[in-house]
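Inspection log for the structure reproduced underneath, given as structure tokens.
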Amino acid sequence: MTHTITTTVDAQFDDAVAEVTTLLEGEGFGILSTIDVQTTLKEKLDVDVDQYQILGACNPALAHRGLVEEPALGALLPCNVIVYEADDDIVVSAVDPQHLFDVTDNPELAEISTDVHERFERVITAVGERFASEGESQ
15 MTHTITTTVD
25 AQFDDAVAEV
35 TTLLEGEGFG
45 ILSTIDVQTT
55 LKEKLDVDVD
65 QYQILGACNP
75 ALAHRGLVEE
85 PALGALLPCN
95 VIVYEADDDI
105 VVSAVDPQHL
115 FDVTDNPELA
125 EISTDVHERF
135 ERVITAVGER
145 FASEGESQ
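Position in the sequence shown counted from 1, then plus 14, gives you the working numbering.
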């Protein structure tokens, strides 16, 4: 069982991050935080790693509904979407909210987590299709 929704694409890193951000916005998510793991690890540990970003994505309406049902849900927010280099490819992966929200043992969150899951599935699928079709046209 996986805890993420993932695709691997042949794209430039910055293009993938921009596309993911645009697609998330189209699904009602804003990016509350961006962590540049590559830069952070270089500054803190003086180690070199491939490009890697963590995008903290939040859909305000869904977050509000979830917090009304379960105030402690805030400890699990925002939902992370990662974009990183793996060999010559770019991996885009989102936390699967259905697994994440399962830890709350609150059945009222099932509808919300299913909604978020479906939105993330659409984003990840669209990223894969976007760069697959771009590669076919080259």
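Every residue, glycine too, gets a C-beta built ideally from N, C-alpha and C.
Computed from a predicted structure; not experimentally measured.
Nonlocal neighbours in the same chain, by C-beta distance under 6 Å from residue i, ignoring five residues either side
{"i": "Ile96", "result": "Ile68, Ser107"}
{"i": "Glu57", "result": "none"}
{"i": "Ala89", "result": "none"}
{"i": "Asn73", "result": "Gly42, Phe43"}
{"i": "Phe134", "result": "Ile19, Ala108"}
Cβ neighbour criterion (16 or more within 10 Å) applied to residue i
{"i": "Leu81", "result": "exposed"}
{"i": "His17", "result": "exposed"}
{"i": "Thr21", "result": "buried"}
{"i": "Ala100", "result": "exposed"}
{"i": "Asp50", "result": "exposed"}
{"i": "Ala75", "result": "exposed"}
{"i": "His131", "result": "buried"}
{"i": "Asp119", "result": "exposed"}
{"i": "Asp110", "result": "buried"}
{"i": "Ala25", "result": "buried"}
Reduced DSSP secondary structure (H/G/I, E/B, other) of residue i
{"i": "Glu41", "result": "coil"}
{"i": "Gln52", "result": "helix"}
{"i": "Thr16", "result": "coil"}
{"i": "Ala123", "result": "The question names Ala, yet the displayed sequence has Leu at residue 123. Leu123: helix per DSSP, three-state reduction."}
{"i": "Ser151", "result": "Since pLDDT at Ser151 reaches only 42, below the 50 mark, its modelled position is unreliable, and the value read off the structure follows with that caveat. Three-state DSSP puts Ser151 in a helix."}
Residue i at chain B interface by Cβ criterion, 9 Å
{"i": "Asp102", "result": "The structure shown contains no chain B; it is built from a single protein chain."}
Same chain only: Cβ atoms within 8 Å of residue i, ignoring 5 sequence neighbours per side
{"i": "Ala71", "result": "Leu38, Phe43, Gly44, Ile45, Leu46, Pro92, Cys93, Asn94, Val95, Ala108"}
{"i": "Val141", "result": "Thr21, Val23, Ala30, Glu33, Val34, Leu37, Val106"}
{"i": "Ile138", "result": "Ile19, Thr20, Thr21, Val106, Ser107, Ala108"}
Sequence-distant residues of its chain with Cβ nearer than 7 Å to residue i (five each side left out)
{"i": "Glu84", "result": "Thr118, Asn120, Leu123"}
**Q.** Cβ contact (3+ pairs, closer than 8 Å) linking the segment 103-115 and the segment 55-63
**A.** no
Q) Counting pairs of beta carbons, one from the segment 29-37 and one from the segment 120-127, are three or more of them closer than 8 Å? A) no
Q. Hey, which unbroken runs of the alpha helix (DSSP H) at 4 residues or more fall wholly within the segment 54-127?
A. 74-83, 111-116
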